[in-house]
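Participant: So in the working numbering, the last spot in the sequence shown is 1300, and the numbers never skip.
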Amino acid sequence: MKKVFFLIIAVAFSLPVVADEGMWLLPLLKQQKFPEMKELGLKLQDYDIYSPDSASLKDAVVIFGGGCTGEIVSPDGLLLTNHHCGYGSIQQHSTLEHDYLTDGFWAATRDQELPNPGLTVTFIDKIEDVTDYVLKNLEMDTDPTSMNFLSPKYLNGLAKEKAGEKFLQDNPGMEVEIKAFYGGNKYYMFTKKIYSDVRLVGTPPSSIGKFGADTDNWMWPRHTGDFSVFRVYADANGNPAPYSETNVPLRPKRWFKISLKGVQENDFAMMMGFPGRTNKYYTSWEVAERRDIDNDVRINIRNLRQQVMLDEMLKNPEIRIQYSSKYASSANAYKNAIGSNWAINKRNFEQVKREEQDRLIEWSNLNNESAYPEALLTLEQIVSDRKDLRFRRWMLDEALVRGIEFSGVPTDVKQMCDALNGKDRAEQQKQLLLLERAYLRFADKNYSPEVDKKIAKVMLKEYRRLVAPKAQPDYFSIIDKKFKGNVDRFVDFIFEKSIFGSESNFNNFKAHPSVKALEEDPMILFAKSIQKEKAVLTEALKDFDDSYNLAHRTYVKGLLAMYKDKANFPDANFTLRLTYGQVKGYSPRDCDYYGCQTTLDGVMEKEDSTNWEFVVPARLKELYNIKDFGRYGMADGKMPVAFSATTHTTGGNSGSPVLNAQGELIGINFDRNWEGVGGDIQYLPDYQRSIIVDIRYVLFIMDKYANASYLLNEMDLVE
Ligand code: ARG
Ligand code: GLU
């Protein structure tokens, strides 16, 4: 007995104590982390940050769009987020005549603020632990292989039942959602209020908001003013409503005060936001799988695709506007995969996870818990068995589904064919109109058939080189049969013959629609064949996925049982979290040290007027030269731009408010260093840094650069 006791003590003390790790759930914060936060310097009470029954700082934090965070900074619903989060909206409003991407945009009055159909802002009204409720319902589910415990459809059904039909009817814009945590060992319900009239108020030019672009992306030291400004509108009662001229600025429950005091190394910093996805509970086998399949395929394929895209963008400004957003998001995940593999190899994540597994096995043996070691065996087996299928799935996804845009043409033409076979002229016209609409959704203003064609040629060659012929979509057989293996001719043929290949092809079809043309359309056949292969792979992987989910839940349950009182945070799942740490620089390699604060001096050092990524706008240079930094400069006379902190963040945290010990806004999170992206699997205190635009730079750009000081009048600035 004594021996066992000492062993447990020894195990407990050998646990790595990792400072600043964690994406914490607000309802657990007080119990899990508040004392440590106080120790680090926090001046607030726990209920200032999160209180279940009254307004608190968390009420000023929102989901911006579908994958970013934003924060409310005025009593009139003014919102800050990143430039790269507002990018899609800014791009939508940009034309060659009004190129807001290049020149920036500032609404001088409220009626100049630009609506963005489809863009939403989501507030989290309430967070409840509903584990017992969900588990009770799941008990009635007698199928041991049921995936209901993770099914959004099932869980959201339960959420609706719990909230009640009436509640949802009485509260326009309200939605409820239950999400699984710790692999399905715990459940929380979120009551959300979703506003759909969100207007663009202002944005700096890309030469500020995206300064350094893809070269600097995921890099520190950084000099990007990555912010944009929006405003949330509501109906006269303050409720969510679709865009209307009669809507009024939202009167929010809370907004952040803004600090002009700046930061010093080692200052306390925290942020709230919506981290999207992490894999902290990977086993060692999944780490290797991620590196050797997922990341490797992504790196290889995107590299090829981006080269083609960039060539075209540099040749033609119209293509540059069309493809800038697509290129940026492709390059972003590409560079992340590179950083992820660096960390996996360099920091030996396989070993780190293996040690955790071994600890669990040892603990399980001592405690007669056989389920956990069994779950580990299952996970090892699954990863080994699904290897080929997973490779095929990643190749299909990266090279063909995401890679080739025309694999997304409308394929559901049955009703169109039926109408053509029938005699009803009106029905034929209606179906034609529907098809045209679907075509235009695909070939929207950001689509270039020429670019797609060039990319498709490269993608298909690489796909055919790496995937066994038998395992390719069946339509590809005609490449050999009809085109003697010549991919270029195959792709040219597709564009020449398809009704979706060009506008004139589509117009010809409209003039002479025929069933035969639709049935033989090579783009439709191509797209269908890819859908079919995707379905085959999904089906083949389903058994693996299901048993994986069950074993993963058990494994995480084991870890929670073993670590019992140690605070553990669940993997990110795009729910509201808090992370805290310190403002800090880092040393990425021997003898190299990066400070925690960048300044406008660095912007000027990076300036390169011959490289679009590093052009500095004339007005910014002028302000720099006359040192007109207003109240935003630092004591040493320099103008701050960005800072770095040890906070644990991931994709989705973009736009997150970064707060000082008093809970005042000191910056907007926008990136991580590439040495830190491995933190999605394993946090590394010495390597991982959040990259944050200094709020003083944001205000300086609004006030001094853009002459939009009227916007500052509605904010609470704290000197
Ligand atoms: N790396 C940041 C994030 O993951 C910024 C991405 C946008 N910027 C870019 N150059 N692609 O989302
Ligand atoms: N830029 C990322 C985002 O859009 C945040 C960087 C990260 O992954 O930490 O959410």
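Yeah, the Cβ is synthetic: ideal placement off N, Cα and C, and Gly gets one too. For clarity, every value in this text was computed on a predicted model and none was experimentally measured.
How many Å lie between VAL1258 and MET800 at the Cα?
Facilitator: In the sequence shown, the residue the question calls residue 1258 occupies position 677. In the sequence shown, the residue the question calls residue 800 occupies position 219. Approximately 11 Å, taken between the alpha carbons.
Participant: Between the segment 603-618 and the segment 1280-1290, do at least 3 Cβ pairs fall closer than 8 Å?
Facilitator: Touching, no.
Participant: Using a 10 Å radius around the Cβ and a threshold of 16 neighbouring Cβ atoms, would you call PRO1050 buried or exposed?
Facilitator: Walking along the sequence shown from the start, residue 1050 turns up at place 469. Per the 10 Å Cβ criterion, exposed.
Participant: Grab me the residues of GLY1166's own chain with a C-beta within less than 6 Å of its C-beta, minus the 5 sequence neighbours each way, in chain order.
Facilitator: Counting from one through the sequence shown, the residue named residue 1166 turns up at place 585. Hits under 6 Å: TYR1175, GLY1176, CYS1177.
Participant: Looking only at its own chain, which residues have a Cβ that is under 8 Å from the Cβ of LEU749, when we skip the five neighbours before and after it?
Facilitator: Numbered from 1 along the sequence shown, position 168 holds the residue referred to as residue 749. Excluding residues within five positions, the ones whose Cβ falls inside 8 Å are LYS741, MET755, GLU756, VAL757.
Participant: Report yes or no: do the segment 1265-1273 and the segment 627-640 share at least 3 C-beta pairs separated by less than 8 Å?
Facilitator: Flag = no, the segment 1265-1273 and the segment 627-640 do not touch.
Participant: Could you give the DSSP three-state label for GLY1218: helix, strand or coil?
Facilitator: On the sequence shown, residue 1218 is found 637 positions in, with the first residue counted as 1. Three-state DSSP puts GLY1218 in coil, outside helix and strand.
Participant: Taking the alpha carbon of GLN996 as the reference point, which residue from TYR769, LEU1014, GLY989 has its own alpha carbon closest?
Facilitator: Looking up residue 996 in the sequence shown gives position 415. It is LEU1014 whose Cα lies nearest to the Cα of GLN996.
Participant: Between the alpha carbons of LYS1004 and ASP1061, how many angstroms are there, rounded?
Facilitator: Residue numbering aside, residue 1004 sits at position 423 when the sequence shown is read from its first letter. Residue numbering aside, residue 1061 sits at position 480 when the sequence shown is read from its first letter. Rounded to the nearest angstrom, the two C-alpha atoms are 40 Å apart.
Participant: Is the CB-CB distance between PHE930 and ILE708 below 8 Å?
Facilitator: Indexing the sequence shown from 1 puts residue 930 at position 349. Indexing the sequence shown from 1 puts residue 708 at position 127. No; because the gap between Cβ atoms is not below 8 Å, this pair is not in contact.
Participant: Do ARG1253 and ligand 4 come close, with the Cβ less than 7 Å from some heavy atom?
Facilitator: By its list of ligands, the structure shown excludes ligand 4, since it contains just ligand 1 and ligand 2.
Participant: Any idea what DSSP makes of LYS1042, helix, strand or coil?
Facilitator: Reading the sequence shown from its first residue, position 461 is the one you call residue 1042. Helix at LYS1042.
Participant: Using the rule of at least 16 other Cβ atoms within 10 Å of the residue's Cβ for burial, across every protein chain shown, is ILE900 buried or exposed?
Facilitator: As a working mapping, residue 900 is identified with position 319 in the sequence shown. Classification for ILE900: buried.
Participant: Does the Cβ of SER1079 lie closer than 7 Å to at least one heavy atom of ligand 1?
Facilitator: Within the sequence shown, numbered from 1, the residue matching residue 1079 stands at position 498. SER1079: no, Cβ never under 7 Å from ligand 1.
Participant: Tell me, which residues are paired with ARG1158 by DSSP?
Facilitator: For this step, residue 1158 is matched to residue 577 along the sequence shown. Its beta-bridge partners are LEU606, GLY854.
Participant: By a C-beta neighbour count over all protein chains shown, 10 Å radius and 16 as the cutoff for buried, is ASP1189 buried or exposed?
Facilitator: What you label residue 1189 is simply residue 608 of the sequence shown in a count that begins at 1. Exposed, since its Cβ has fewer than 16 Cβ neighbours within 10 Å.
Participant: Could you say which of TYR763, ILE1036, ALA909, ASP1173 lies nearest to ASP1069 if we only look at CA atoms?
Facilitator: If you number the sequence shown from 1, residue 1069 lands on position 488. Nearest option by C-alpha distance: ILE1036.
Participant: Out of curiosity, what's the CA-to-CA distance linking SER787 and ARG935?
Facilitator: On the sequence shown, position 206 is the one that residue 787 refers to. On the sequence shown, position 354 is the one that residue 935 refers to. About 44 Å.
Participant: If you run the structure through DSSP and keep just helix, strand and coil, what is TRP799?
Facilitator: For the purposes of this step, residue 799 is taken as residue 218 along the sequence shown, with counting starting at 1. TRP799 falls in the coil class under three-state DSSP.
Participant: Starting from ALA761, follow its DSSP beta bridges and name the residues at the other end.
Facilitator: The sequence position of residue 761 within the sequence shown is 180, counting from 1. TYR768.
Participant: Between the segment 837-857 and the segment 895-913, do three or more beta carbon pairs fall short of 8 Å?
Facilitator: Not touching, per the Cβ criterion.
Participant: Can you give me the C-alpha to C-alpha distance between THR726 and ASP1127, rounded to a whole angstrom?
Facilitator: Against the sequence shown, residue 726 aligns to sequence position 145. Against the sequence shown, residue 1127 aligns to sequence position 546. C-alpha separation (whole angstroms): 7 Å.
Participant: Roughly how many whole angstroms lie between the Cα atoms of LYS1026 and LEU695?
Facilitator: What you label residue 1026 is simply residue 445 of the sequence shown in a count that begins at 1. What you label residue 695 is simply residue 114 of the sequence shown in a count that begins at 1. Approximately 19 Å, taken between the alpha carbons.
Participant: From GLU746, ASP892, LYS1138, pick the residue whose C-alpha is nearest to that of ALA905; which is it?
Facilitator: Residue mapping note: residue 905 aligns to position 324 of the sequence shown, counting from 1. Here residue 905 turns out to be Ser, not Ala, going by the sequence shown. Of the candidates GLU746, ASP892, LYS1138, the one whose C-alpha sits nearest the C-alpha of SER905 is ASP892.
Participant: Who are the near neighbours of THR1228 in its chain, counting only those whose CB is closer than 6 Å to its CB and skipping five residues on each side?
Facilitator: As a working note, residue 1228 is residue 647 in the sequence shown. MET852, THR1160, GLY1162, SER1271.
Participant: Taking GLY667 as the reference, give the member of LEU638, ASN697, ASP692 with the closest Cα.
Facilitator: Taking the first residue of the sequence shown as position 1, residue 667 is located at position 86. Measuring from the Cα of GLY667, the nearest candidate turns out to be ASN697.
Participant: Taking just the CA atoms, how far does VAL702 sit from TRP866?
Facilitator: Translated into positions along the sequence shown, residue 866 becomes position 285. Translated into positions along the sequence shown, residue 702 becomes position 121. Straight-line Cα distance between these residues: approximately 38 Å.
Participant: Just to confirm the assignment, what range does the alpha helix (DSSP H) spanning LEU977 have?
Facilitator: For the purposes of this step, residue 977 is identified with residue 396 of the sequence shown, where counting begins at 1. Counting along the chain, LEU977 falls outside any alpha helix (DSSP H), and DSSP gives it neither H nor E.
Participant: Could you tell me whether the segment 963-971 touches the segment 1073-1080, using the rule of 3 or more Cβ pairs below 8 Å?
Facilitator: Touching, no.
Participant: Is any heavy atom of ligand 1 found at a distance shorter than 7 Å from the C-beta of ASP1189?
Facilitator: On the sequence shown, residue 1189 is found 608 positions in, with the first residue counted as 1. Outside the cutoff, so no.
Participant: Out of LEU1293, ARG940, ASP1252, ASN1288, which one is the CA nearest neighbour of GLY793?
Facilitator: Here residue 793 refers to the residue found at position 212 of the sequence shown. Closest by alpha carbon: ASP1252.
Participant: Using the three-state DSSP reduction, which class does CYS955 fall into: helix, strand or coil?
Facilitator: Residue 955 sits at position 374 when you count from the first residue of the sequence shown. It should be pointed out that residue 955 corresponds to Glu in this sequence rather than to Cys. Three-state result, GLU955: helix.
Participant: Does ASN922 come out as helix, strand or coil in the three-state DSSP assignment?
Facilitator: Taking the first residue of the sequence shown as 1, we reach residue 922 at position 341. Looking at ASN922 - three-state DSSP - the assignment turns out to be helix.
Participant: Give me the residue from GLU602, LYS842, PHE704 with the minimum Cα distance to GLY1214.
Facilitator: Your numbering for residue 1214 matches position 633 in the sequence shown. Comparing Cα positions, the closest option is LYS842.
Participant: Per the contact definition of three or more C-beta pairs closer than 8 Å, is the segment 1131-1149 in contact with the segment 945-958?
Facilitator: Contact between the segment 945-958 and the segment 1131-1149 is present, because at least three Cβ pairs lie under 8 Å.
Participant: Count the CB pairs spanning the segment 863-883 and the segment 652-668 that are closer than 8 Å, and state whether there are at least three.
Facilitator: The segment 863-883 is not in contact with the segment 652-668.
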